[in-house]
Each structure stands twice: as structure tokens, then as C-alpha cells.
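Here the structure is laid out as C-alpha cells; the discussion comes afterwards.
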Amino acid sequence: MSDFNLTRRSVLSGAALLLASTALPTIGLAQEPQKGGRLTVAADSEPRNLNPAIVASNGVFFISSKIVEPLAEADYDGKDGLSPRLAVSWEGSEDGKSVTFKLREGVTWHDGKPFSSADVAFSALQIWKPLQNLGRVVFKDLEAVETPDEHTAVFKFARPTPFQLIRNALPALTSVVPRHIYENGKIEENPANTAPIGTGPFKFAEHKAGQYYRLEKNTAYWGKNEPNLDEIVYQVLPDRSAAANALEAEEIQLAAFSAVPLADLDRISKVPGLKVVTKGYEGLTYQLVVEINHRRKELADVKVRQAIAHAIDKDFVVKTIFLGYAETASGPVPKNDKQFYTADVPAYTFDVAKANALLDEAGYKAGADGKRFKLKLLPAPYFNETKQFGDYLRQALAAIGIDAELVNNDSAAHIKAVYTDHAFDLAVGPPVFRGDPAISTTILAQSGIPDGVPFSNQGGYKSADIDGIIAKAAETLDATARTDLYKAFQKKVVEDLPFINVADWTFISVASDKVGNIADNPRWAVSNWSDTWLAK
Amino acid sequence: MRRLTRVPEALVGFGILSALAVMALAASMLFPGDPLAIKGAPLLPPFQDWSLPLGTDRLGRDVLAELFHGARTSLAVGIAAAAAAIAVGAVIGTLAGFAGGIVDEVLMRITDAFQTVPSFLLALAFVSVVGPSLTVVVIAIALSAWTGPARVARAEVLSIRERDFVAGARVIGMHPLEIALREVLPNAVPPVLALSSVIVASAILIEAALSFLGLGDPNRITWGGMIAEGRTVLRSAPFLSIVPGVALVLTVLGVYLAGEGVVEGTAVRKGLS
Amino acid sequence: MSRAFLLLRRRLVGSIFVLLIVVVGTFLLLEAAPGDAVDAYLVSTGGDAGIVEAMRQSWGLDQSAATRLANYLWALLHFDLGQSVAFSRPIRDVILERLPVTLVLMGASTAVSFGLGSALGIYAGARPGSFRDRFLSTASLALYAVPGFWLALVLVIIFAVDLRWFPISGFETIASGKTGLARAGDIAHHLVLPVTSLGVIYLALYLRMMRAGMAEVWRLDFVRAARARGLSRRRIVLAHVARNALLPLVTMLGLQSAQMLGGSVVIESIFSVPGLGRLAQEAVALRDTPLLLGIILVSAVLVILINLLVDITYAFLDPRVGASEASA
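Protein sequence lines correspond, in order, to chains A, B and C. So that you can map any letter, position 167 of the first sequence is 167 in my numbering, and since no number is skipped, the others follow by simple counting. So that you can map any letter, position 202 of the second sequence is 738 in my numbering, and since no number is skipped, the others follow by simple counting. So that you can map any letter, position 49 of the third sequence is 858 in my numbering, and since no number is skipped, the others follow by simple counting.
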């Protein structure tokens, strides 16, 4: 699944809303949820650390979100796109320096101890802020968490922090872990990191390395009559064709995160008893991006970058590589985000003649062999689609006289080559849009980021304008003004092309018809599955 | 040639290999330009459009052109890896056998070490570390294949070095290294060459397995790479992996049969004389 | 007896040198790799400069390569394989978890390829040059030419997805609570397809060695003598020819043991069998140098032990036994 850390998008796309409202009644009317049963799910990796408070990533959430819960979860219909979990309400102050959470009462940890505001304060100050991969950005100005009573936590920020950002970060960044388990010893080495203890509907039961994870029903769960399932088993299936085969043979009932390759979906959708579900990932949008090394003199010329943008047939990419399970991208914010997205950006239509003309204009005339210059292209190896797009891009560049040599690295080597050594000219990467551009999108264009930070601007790009917008937005509290700044950011980025956005995609699930209540929130695969059920 | 016709399997083997050689040589003439270029609609089944007789793959590349160019790279990988392995193995084996003593001991322990590590694992680790390109794949395969030739060469040398012509060379005062390389090595080589068909065949298979794991050279088309590409659509478009798969099996079989034919043929001739 | 002891001691001393070369070589190879364990980890999480630095420090990757190698060798002297970087667990535990699986898988597929291969080889070699001889040896060669992963994928689709005779993947039924014979049966059921995929490939090797060996033995004097004495063909084939032709196969068994772990990498991941081959591949991908070293060391020790065993077996099957009996 190539686990990337993600957050939900806060506002849904129209299509998703429509699907939600039409799909839910059919399931609800057809059958009543049944109790019991074991749901077996395909998993393709075994994260070394299952603590979602430390590692806010997709691969970790997939398993641990059933055990450890956040303050709030993404929701199709809820206010601000959220539904309460461990917090029942949240409110930001006018000055942007404090946020008050009212916490759920009557919640206990899996070991029987009561959950309280002290756990939230501990998680926020000792884990999210200093240790968590994403929390270090969002909670960097968190100064203190006051706990006036057992069920109230007040976050105090040293500098004004936009409440919109905190809200957007709740589902992914605020997993709460028990203080009494973590307060002694080094947090990173706590045994609960591999056998997590939480408040969720399922308890961690066992992990057989290389084989499976097993979770058991939490009979003392705070949700009324939940969970429905007795057990969830994650069967480790490292091979790419295994999930589809196992579904067909009815050995598993669910393959999430596109474990069934896109190219196989058409066939598998026709297998009786299986359904292909495209919903439930709206909050996890991945972006197909061409990363550019601006240290290369040819690529430092905006005309060359524009020529490359014109040479890419985005419709072909969506239709052939993603087989329609994606959308063309116009800029750094995906189209399905209604909060920040703007269409008011320059468009680069697929036009080889224009691309050639731009390159001629830039002074890179084709030689006798039809080639203008050579460059190194590094497609990220984590997804089949990024590799395939690399193959396509090489051909698209050949059409405009750029001779690209593909470099096929494994994941570790790719991270090192692109983000530390800068040993690339072009790279294909899949950054994630995490519901708010401040979380992980602006760093793709921002300058001054130290070497070695993955998924950030390591191409040596620097624009005073763009840096200015980013800095201003970080301290703008008014949601509308902040949104407008990010719209300006999108326009600037698409004009100047520090990187090129090609397409945006989310994942696909394939499930047995027997599985009920799937994909009922925009982060479903990484939510708690308390209402999911299995027909006998 | 007459001695080969006595072994029908060898004839089949040589037939396959000649066809392959023709494919490899004709690839650039029949299918000029980059075989990885996108030529039509993706996933076109075979025998539908006669300009693309074997159809197209997931990106719309011409499968027939890929097959022809793939013959070239697959053969090149096999032959280059075998040549490298045999060259290195023969030199090391000759040195070990000829020098004897501590040199022999050290060289043979190194050979042992390479033989102790599973060869595919070694190739896998090497390619992951250095980054896959055709040259690296060839080196990786040779790295785990040179030990066999080294052992055979050493054994040969041990039996040759006591013979008259070597003693003669010593008497006329040739430098030991010169004797090793000019007198002993050429005589030790033929039995080592007998290993070549096995090495070529396993090299082609290892390259395929590496490509299957995503460790192929993306700039070149190989049959292993084609199978790896086709496997995601194995159920819906099986021809994409069957076509290169069959080509691969035939090639490996051809190499074996031809290799054995030569060995058997030589044995028959020896028997007759 | 003392000669055997001396030989054994020489072997052991030699083995230690071999192991040292393997360890240092593997270490240097992974040291040359672009990206370390932290880079591999960041693929799934991301993280800023502060996190990256703290991780390198806590995983001991900020030390120089020489220091780490020295530390590793020092620990090894105390039979300590160290701590896995990627799994943050003692390597001994990680390997011990997988070793039985690998041994069962390897043992079963070797038994299949050796047993079936030599049996078919005897059948083919009983009448050298006959149609069945040619057919069997060419057909087995064709199987040998099939890439293992390709065979595995096809077997899964036919026997697991379509016919549902065997499970698609795994080593045993998940949390089945089975014990004893029931569990052994369950494991055997799961291993049919992976063992077939692995075993079938090497079948050709033993088959062809057997028949080639038999072809040689047929020409030897003692066999002629046995024929002259009017022994039945069946008896000659089994008691004299096959028995003598078996020897090189036993040697091959030893040589092949080193390769098994490599061949199983792909098969283990296709069938999700939690063995050492797959673990080794993960160790490379995750840049877990100590883990890969541990796996290679364990497999090297295994290989050395197997070869020792082969030598003992060889002594039992001494060729002179059959020959002296025949010429007597």
C-alpha cells in the first residue's frame, strides 16, 4: 500500500456527497447489521511502530486506527467535515492562541483504566509536538495544555495558530495514547508501540511476523452496541497479485488501498460476490507530481519547465495509467478540495508543437539527432503508477527532443538520491494533500528547507513571492483571508512551475458483498470500523 | 556438423538459438527506433491490427517490437554474464591452482565465501545497492556465477601443471605468471567452457527474476521486464506475460539443448576415434 | 578416527575464515548502498530534519562504518547477533521465528526434487537412449527453463483460485488453534503449491544427473559382470547402477543447499510464506545491515553443516561397496 501519511480533506467533493447519500440507504434498507464474525483484510506491509501518535502514516493507521482513537474523525455530513471521537466539541479563541476541547465521558482504556484530559495533555505535549512526523509542524507553537477538569483540555499556543488548520489536522494528528503506559521510560522504546493500548473498538491481540495481525472486539467500548465484528485479521500478502486471488478464493473479505492493481479492477468487478468501492478515501488524496531540480541550468529556465508541462498529455495519464481512477490536476491543490481549490490558474494544454517552440525560444535547439539535451529522470518506486508514469514521461520528453534516462532505485535509494543528494534532474513523486496546504503542500515550493527532508522542496527552487505568501498565510487567522492567500499560492506555483502537478488520485477498495458499512467516511480505511459488519 | 546430427535435441537447440540470433540482429531493421515508444491504444489483443500483430501492452507499446528487441538484451545479458563469469573464474582458478600454497588457500576461501551466499540473494542485494542498469545486472549475475568455473579451472590446472610442456617452460626460464597465463590457462579453458550453457541459461532466468522484483533496467526492454509488466494484467490480458514467457522458456531450453549437444557430440566423436 | 578429527578441525578453521569474508563483504556491500535504514523508514512517514537526526542517533547510524563493523564483530564473538534496526527487536528472535518455516519449506522441496528427480532419473536411465529417456530428460529440462515465479503464479491461479484445492498463501491457517498432527496437516496443505514451485525446478537437475551417471555406470566392468552372471535387469538397475550413480547427486545436494535460500525469495513472497528468503529481501530494502548479516551468517552455517552431513552420507554410500561385491 505504500503507506504515506495522510489526513482527511475537510470538505467533500460533490460526487462523494452524492454517492454517500445514495449508497447508504441501499445498504441500510437491504440488511440490518449483523453481530460477530472475523473480517480478514489484506495488508502489504508490517509497520515497525504501530503507535499512531508518533507515526501519523497511512500504513500505521490502517491497523492502529481500530485500537487508538483521535479526538475527531472525518465525516461526510458533520460540521466542518468532522464527527466527534474522544472529543465531543472543540472551539478556537478569537486571538488564535487557545483551543478548548470537551472530552467524552465514561471512556476506558483497554487495560481498564479511565481515560481523562491528562492523557490528552500528555499525548499532545510529550508525543505529537516533539515526536510526531506531522505534529512537529502543526503543533510547533503549542506551549501548554491546561486541564481544568477530567474532561476538558485547553491547548495554549505561543503564537496565533489558525483554528482552521488545527481543525483540519484533528483526524490524523491527534491519536491519544494512555499516559500511565507511556509516562515512564523512553517513549520511542515503549513496548506499547508494537502492541498498542487505546480506547478504540478493537484491542490488539497478536502479531505473527510475516503472517498476520489479529485484533479482538473491545467489549467495553464507549460506542453503543459497537463494534459489530468479533475480530479483524490483517493477513500479510506482500505479492501484488495475492490480494485479488485471495478475494476470489474467499480467503479474505477486503482489500483496501488499491491492493488489487487498477488494471485488474475491471475483471474483478465482474466476479460474483465482489464489489469495487471507490469511496472512502476522499480525505487521502495523492498527487502525481514532476519534481524539478532547478540547479540544472536548462530547468532553471521557466520556458523549459512550461515546455515540459505542455508535453504531458494529462488525459492520457488519467485514462491509461490510472485507468480513469484519477483526475487531471491543474495545480498544487486537488480539484476535489472545495475549501482551498481554485481553477483560476494558467492551463498548460497538451501541445507538442508549442512545447517545441518554447524550447527553441529558450535557446535549446535540437541537434542533428533531434535531441536538445539529456537528463536523468527518477520515478519514485513506491507505486506502480509512479513508475509507469516515469516510462510515459520518458516517451513524452523524447517527443520534444529531451533525452531522459530513467533511473530505477529502490525506495531508500530514491529518498536519498532526490532529497539528500539532489542527484536528479526530474523526479516523479507522490506527495499527499492533507486537507490543508500548510501541512505538507507548501513545503514543496518553500525555500530554505534543510537537505535530507523527504517530500519537500529539494530542487533548489527559490521564489520570494511564494515564500512571502506562505509566511503570511501561516499567521493569518481569518479563514477566508487565509484561503485567499492559498489561492494566490496556487496561481503563482502554476505560473512559475517549481514542480508540475499532473494528476490526483485516491485509492480503491475491493470487498466481498458480505461486508457492510464500508466507506462511510472520507478516511474510512484508516478509521475505526466500529460499525462495519459481516453477513453470515 | 555430422556429429551433431546424431543428437536430435542438439539440432532443436541450435535451431532455436539461430532463430533467436536472427531476431536479435533483425530487431533494429524491422523495428527501428525506441521499442518502448507508444505506438497505439493500450492493451490491444494480438492478431487484431496487422500493424501491431502481437498487440500492445499497458502503455500502448508494440509487443512484437518489444519481443525482438528483448531477444537482443536477454541474449546480451546471458552471454555477457557468462563471459564475465568464465573469464574471472578461469583466471582465479588458474592462479589458485598454479600458485598453490597460501595464495591458493586465500583464493579458494574467497570462492567458498561466494558459494556460501545464495547467488540470487547476492545478485538481489548487489542490484538494490548499486541501482539497476543492464551493466549492473550483468555484473551481479557474474558475481555469483564465477565460482563454478573457478573450481573447474583450478582442478584442471592441478592436473596440467605437472605435465611435460609446463615443466619444459619452467626449464627455459619462463616467469611463473607467464607460464600460468600462456601455457596453463589455455589448456584449462575448454572444460570450463562446457559450463557456459548452464551459466547463460541461469543468467537469463536471474535477469527475469530480478525484473520480476522490479530490479530491471527501465531504459531497456527485456523479456523478464515484459513478464513483470504483464503480471498485473495476468488475468485479463494473459498474452502480455505468455508471449515473453514462452520466448524465455524456449531460449533457455535452446541454450541447454545446444550446450548438451556439443558435449554429447564431442563425447560421441571421442568414442568413435 | 584421528584423521577424521583433523579433517574436521581443518574444515572448521577454514569455515571461520569463510564466515569472516562473508560478514565483512556483506557489511561493505550494504555500506555502499545509497540510503540507510533511516531513509528506508522515511519512505512511509516523512519527517523533518530534527526527526531524521534523532533517529540516526538512536539507531546508532551516526557512528562511522568502521566502528559499527567492529562493534558487530565484537558482539558476534559473544554469539550475539545484535538488534534489528528495522524491526527494533533482537535479531536472534527475528531469525528463530522464520528459521523453522524456511527449514520445512526447503527440506520438503529438496525431498521432492531429489526423490522424484532421482526416481524418474532411474526410470529414464534404466534404458539409456530410449524414447522415455529422451522424453523425460527433455521435458524436465523444459520445466527447468520455466522461471520459478511464472510457474508459481500459474499454479496459484489454477489450483488455488479456480479449483480451490489449496490455500492461496500463508504457512498455516490464521489463529486456528490447531496443534499436533492437525497443525502439521494444515501446514502441509499450505505448502503444497510453494513446495511444488520450488521443487519442480530442481527436479530436472537430479533427474538428468541420475541418468547421466547411470549411463556411465552401465559401461563399467562390474555391471557387465553382473549381466554376465544373469542377474535380472531390474536388480542390476537398482542394486548396482542406480546406487553408484547416486553419489554425485548427494554431492549436488550439498552444493544446491546454498542456492535454495536464494531461490525461495520470490516464491516466499508470492505465497506469503514467512521464511528467511523474504526476510532477507526485506532486510535489503529496509537497509537493515545487521539483520541481513544475521540471515546470511545463519544460512552460511546451515550450508556448512549440510555439507558436513553430505560428506558423512557419502562415506556410507562408498562406491567401492557395490564394486567389490560385484567383482567378488
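Backbone N, C-alpha and C fix where the C-beta goes; we use that ideal spot for every residue, glycine too. Note that the coordinates shown come from a computational prediction; the quantities given were computed from them, not determined experimentally.
Using a beta-carbon distance below 8 Å, is residue i in contact with chain C?
| i | result |
| --- | --- |
| A:Gly59 | yes |
| B:Leu553 | no |
| A:Glu73 | no |
| B:Phe583 | no |
| A:Ile232 | no |
| B:Ala649 | yes |
Using only the alpha-carbon positions, how far apart do residue i and residue j sit?
| i | j | result |
| --- | --- | --- |
| A:Leu377 | A:Arg296 | 13 Å |
| C:Ile1076 | C:Ile1045 | 40 Å |
| A:Ala144 | A:Ser123 | 12 Å |
| A:Val236 | C:Leu1016 | 36 Å |
| A:Gln253 | C:Phe944 | 45 Å |
| A:Ala481 | A:Thr441 | 18 Å |
| A:Ile466 | A:Val493 | 8 Å |
| A:Thr199 | A:Ser530 | 12 Å |
| C:Ala1124 | C:Gly934 | 24 Å |
| A:Ile443 | A:Asn193 | 29 Å |
| C:Ser1078 | C:Arg907 | 13 Å |
| B:Val599 | B:Arg645 | 46 Å |
| C:Ser927 | C:Ser918 | 14 Å |
| C:Met915 | C:Leu1007 | 8 Å |
Is the Cβ-Cβ distance between residue i and residue j less than 8 Å?
| i | j | result |
| --- | --- | --- |
| A:Trp128 | A:Ile197 | no |
| A:Ala172 | A:Ala525 | no |
| C:Leu1047 | C:Val903 | no |
| A:Lys35 | A:Asn228 | yes |
| B:Ala649 | C:Gly834 | yes |
| A:Tyr341 | A:Leu262 | no |
| C:Val1082 | B:Leu660 | no |
| B:Ala681 | B:Val728 | no |
| C:His999 | C:Phe968 | no |
| A:Ala53 | A:Gln132 | yes |
Please report whether the beta-carbon of residue i lies at a distance below 8 Å from any beta-carbon of chain B.
| i | result |
| --- | --- |
| C:Ala841 | yes |
| A:Gly435 | no |
| A:Ala23 | Below a pLDDT of 50, predicted positions are generally treated as unreliable, and A:Ala23, at 41, falls in that range; the measurement from the model is reported next regardless. No, A:Ala23 lies away from the interface with chain B (no Cβ there is under 8 Å from its Cβ). |
| A:Thr386 | no |
| A:Phe62 | no |
| C:Gly1084 | no |
Just checking: is the beta-carbon of residue i within a distance shorter than 8 Å of some beta-carbon in chain A?
| i | result |
| --- | --- |
| C:Ser824 | no |
| B:Val785 | no |
| C:Asp1081 | Reading off the sequence shown, one finds Ser at residue 1081 of chain C, where the question assumed Asp. Judged by the 8 Å Cβ criterion, C:Ser1081 is in contact with chain A. |
| C:Ala951 | no |
| C:Ala1054 | no |
The beta strand (DSSP E) that contains residue i, what's its start and end?
| i | result |
| --- | --- |
| A:Pro379 | 373 to 379 |
| A:Asn501 | 499 to 505 |
| A:His207 | 202 to 208 |
| A:Gly429 | 426 to 429 |
| A:Ala404 | 402 to 406 |
Quick check on residue i: buried or exposed, where buried means 16 or more other Cβ atoms within 10 Å of its Cβ?
| i | result |
| --- | --- |
| A:Glu291 | buried |
| A:Val271 | exposed |
| A:Gly429 | buried |
| A:Thr26 | Legend: pLDDT at A:Thr26 = 42, less than 50; position of this residue unreliable, no value from coordinates given. |
| A:Trp222 | buried |
| C:Gln866 | exposed |
| C:Val955 | buried |
| A:His414 | buried |
Can you name the start and end residues of the alpha helix (DSSP H) that residue i belongs to?
| i | result |
| --- | --- |
| B:Glu602 | 599 to 635 |
| A:Lys492 | 479 to 496 |
| A:Ala511 | Counting along the chain, A:Ala511 falls outside any alpha helix (DSSP H), though it belongs to the beta strand (DSSP E) covering 509 to 512. |
With 8 Å as the limit, tell me which residues of the stretch 390 to 402 of chain A have their beta carbon closer than that to any beta carbon of chain E; keep them in chain order. The question asks about chain E, but that chain is absent: this structure's protein chains are A, B and C.
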